[in-house]
Amino acid sequence: MTPPRPPLGPPRSRFVSAADVARLAGVSRSAVSRAFTPGAHVSEQARARILEAAEELGYRVNRLARTLHQERSDLVGVVGGNFSNPYISAQLDALSKALHAHRLQCLLMNGTGGVAEDLKRLLDYRVRTVVLLSGAAPDALIRLCAQNGARMVLINRPRPPKGARADLILADSARGGRLAAERLTRAGCRNVAVVISGSRTSAKIDRAEAFCSEMALRGIPVTRWVDGPNSYETGAEAARVLLQGTGIDGIFGVTDEIALGVLNTARFELGLRVPEDLSVIGFDDAPISGWSSHALTTVSQSLEDLTRATMEAIALPAEAAPMLYEVPVRLVERGSVRAPLSP
Numbered sequence: 019m020t021p022p023r024p025p026l027g028p029p030r031s032r033f034v035s036a037a038d039v040a041r042l043a044g045v046s047r048s049a050v051s052r053a054f055t056p057g058a059h060v061s062e063q064a065r066a067r068i069l070e071a072a073e074e075l076g077y078r079v080n081r082l083a084r085t086l087h088q089e090r091s092d093l094v095g096v097v098g099g100n101f102s103n104p105y106i107s108a109q110l111d112a113l114s115k116a117l118h119a120h121r122l123q124c125l126l127m128n129g130t131g132g133v134a135e136d137l138k139r140l141l142d143y144r145v146r147t148v149v150l151l152s153g154a155a156p157d158a159l160i161r162l163c164a165q166n167g168a169r170m171v172l173i174n175r176p177r178p179p180k181g182a183r184a185d186l187i188l189a190d191s192a193r194g195g196r197l198a199a200e201r202l203t204r205a206g207c208r209n210v211a212v213v214i215s216g217s218r219t220s221a222k223i224d225r226a227e228a229f230c231s232e233m234a235l236r237g238i239p240v241t242r243w244v245d246g247p248n249s250y251e252t253g254a255e256a257a258r259v260l261l262q263g264t265g266i267d268g269i270f271g272v273t274d275e276i277a278l279g280v281l282n283t284a285r286f287e288l289g290l291r292v293p294e295d296l297s298v299i300g301f302d303d304a305p306i307s308g309w310s311s312h313a314l315t316t317v318s319q320s321l322e323d324l325t326r327a328t329m330e331a332i333a334l335p336a337e338a339a340p341m342l343y344e345v346p347v348r349l350v351e352r353g354s355v356r357a358p359l360s361p
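Anchor point for the sequence shown: position 198 equals 216 in my numbering, and the numbering is continuous, going up by one each time.
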């Protein structure tokens, strides 16, 4: 009986190393490194032997090790939260695809450890940039990034302290709030509410304050709901309370997730007709909002624009001056707000 052939290469209890490839190919360790470095010189004959050995052993280049010898890494850290939010999920999807297209790698933290802890863990991997989707970044954390050669990009986050080295990407939240107020007013709504949630981030507050200010100019009172997290359930609970005999005929949810909770609870639990009995408008333009079962009228902050601005910030040199990117918003008409009244 023929004895079984011994397995090729080193035991699988450890990673295949460049030294393993060098031994099998009969070349130096440095030749292996050059073979996998674009533009580095190695003879075609040696390269062929190295690639054949690497294929046989299942060798993969250790990108983390290479980072130690590079001026800037290809790692981008992303700190987020509430990934169940349909807009955040779409934002992460768009950003990860853009990073992949630029041959950059994404390290994702879900925020459960707190922004400070997540940021420090990302810096342990020598990320080139930290993108913050949730929470706030005090000056000490921004300074820590700069001390480690990493840029910080804040998306719809509170403005950093003056002089802080952080790029800021902001949708025009105030204009979005005014657009929502104008549209509900044109629909004939005269008893309205805004659902902000208890997670009062600067962007959500700006949307709500602009909405209330615009309504005040038009002489229309606004009921505020400020309880609960930024979630579908918060919108649902707000609808159950706000729509019990109050005569409210228009609601602005400061995110689509909140607005969808209002819309579906009004329709399927409270028996109201949308938009005939109640007009609902959101903010974000998450892909789910365009589904025919929802048809949510909303204020859109373009994912394409946000992603483009984020990638521009990531591409900046580490020492470049901080940049401010302002993303315009627009009203997307669907079917959750009554048609405008005739002039």
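Note that CB positions come from ideal geometry on N, CA and C, so glycine has one too.
In whole angstroms, what separates the C-alpha of G300 from that of E337? 38 Å
Under the assumption that G206 contacts R90 (Cβ atoms under 8 Å), give the Cβ distance between them as a whole number of angstroms. Not a contact, Cβ separation roughly 56 Å.
How long is the line joining the alpha carbons of P346 and H120, rounded to whole angstroms? 25 Å
Can you give me the Cβ contacts of A182 inside the same chain, cut-off strictly under 6 Å, excluding the 5 residues immediately before and after it? D157 and I160
What are the residues that DSSP puts in a beta bridge with W243? V213
Could you tell me how far apart the beta carbons of L162 and L141 are, in whole angstroms, since I believe they sit closer than 8 Å? Contact between L162 and L141 holds: their C-beta atoms lie close to 7 Å from each other, under 8 Å.
DSSP has S297 in a bridge; who is on the other side? G268
Please specify which runs of the beta strand (DSSP E), each continuous and at least 3 residues long, are wholly inside the region 168-193, giving them in chain order. List check, beta strand (DSSP E) in window: 169-173 and 185-189.
Three or more C-beta pairs closer than 8 Å, one from the region 268-283 and one from the region 219-236: is that the case here? yes
Tell me whether the beta-carbon of V60 lies closer than 9 Å to the beta-carbon of A72. The answer is no: Cβ separation not under 9 Å.
Neighbourhood of G129 by C-beta distance below 7 Å, restricted to the same chain and skipping five residues each side: V97, G98, G99, D136, S152 and G153
Kindly provide the ranges of any beta strand (DSSP E) runs that are 3 or more residues long and lie completely inside the region 55-141, ordered along the chain. 93-97 and 123-127
In terms of residue numbering, what span does the beta strand (DSSP E) encompassing V145 cover? In the DSSP assignment, V145 falls outside any beta strand (DSSP E), carrying neither H nor E.
Give a yes or no on whether the C-beta atoms belonging to T241 and G216 are separated by under 9 Å. no
Using 9 Å as the threshold, is the C-beta distance between A254 and G279 below it? G279 is positioned such that its CB atom lies closer than 9 Å to that of A254.
Using a Cβ-Cβ cut-off of 6 Å (strictly less than) and excluding sequence neighbours within five positions of S191, which residues of its own chain qualify? Here the set comprises A221, D224 and R225.
With DSSP collapsed to three states, give me the class of Q262. coil
Pull up the distance between the alpha-carbon of V133 and that of S318, whole angstroms please. Cα-Cα distance, rounded: 27 Å.
Span of the beta strand (DSSP E) around T273: Where T273 is concerned, there is no enclosing beta strand (DSSP E), given that its DSSP letter is neither H nor E.
Starting from the C-beta of L197, find all residues in its chain whose C-beta is less than 8 Å away, skip the five residues before and the five after it, and write them out in chain order. V317, V347, R348 and L349
Might you give, ordered along the chain, the residues of its own chain that have their beta carbon closer than 6 Å to the beta carbon of A37, omitting 5 neighbours on each side? Only residues of its own chain outside the window of five on either side were considered, and among them R47 have a CB closer than 6 Å to the CB of A37, listed in chain order.
DSSP three-state assignment for V34, whether helix, strand or coil: coil
Looking at the unbroken beta strand (DSSP E) that takes in L342, where does it start and where does it end? L342 to V345
Note down the Cα distance separating M341 from P56, rounded to an integer number of angstroms. Rounded to whole angstroms, the separation of the alpha carbons of P56 and M341 is 32 Å.
Could you give the C-beta distance for S354 and L314, rounded to a whole number, given that I count them as a contact under 8 Å? Between S354 and L314 the beta-carbon gap is near 5 Å, inside 8 Å, which marks them as a contact.
Reducing DSSP to helix, strand and coil, say where L150 ends up. strand
Hey, how far is the Cα of Q109 from the Cα of A43? 45 Å
Tell me which residue opens and which closes the beta strand (DSSP E) that S318 is part of. T315 to Q319
Taking C-beta to C-beta, are V145 and A168 nearer than 9 Å? A contact, by the Cβ cut-off of 9 Å.
Pick out whichever of E70, V148, L260 and H312 has its Cα sitting closest to the Cα of L288. L260
Within the same chain, show all residues whose beta-carbon is closer than 7 Å to that of M233, passing over the 5 residues directly before and after it, in chain order. A199, V210 and V240
Quick one: Cα of S31 to Cα of A58, how far? Its pLDDT being 49, under 50, S31 is placed unreliably by the model, and the measurement read from it follows with that caveat. Cα-Cα distance, rounded: 31 Å.
Would you decide whether Y77 is buried or exposed? Buried here means 16 or more other CB atoms lie within 10 Å of its CB. buried
Per DSSP, what kind of secondary structure is V280 in: helix, strand or coil? Helix.
What residue does the alpha helix (DSSP H) around R52 start on, and which one ends it? Looking at the DSSP string, the run of the alpha helix (DSSP H) that includes R52 is R47 to A53.
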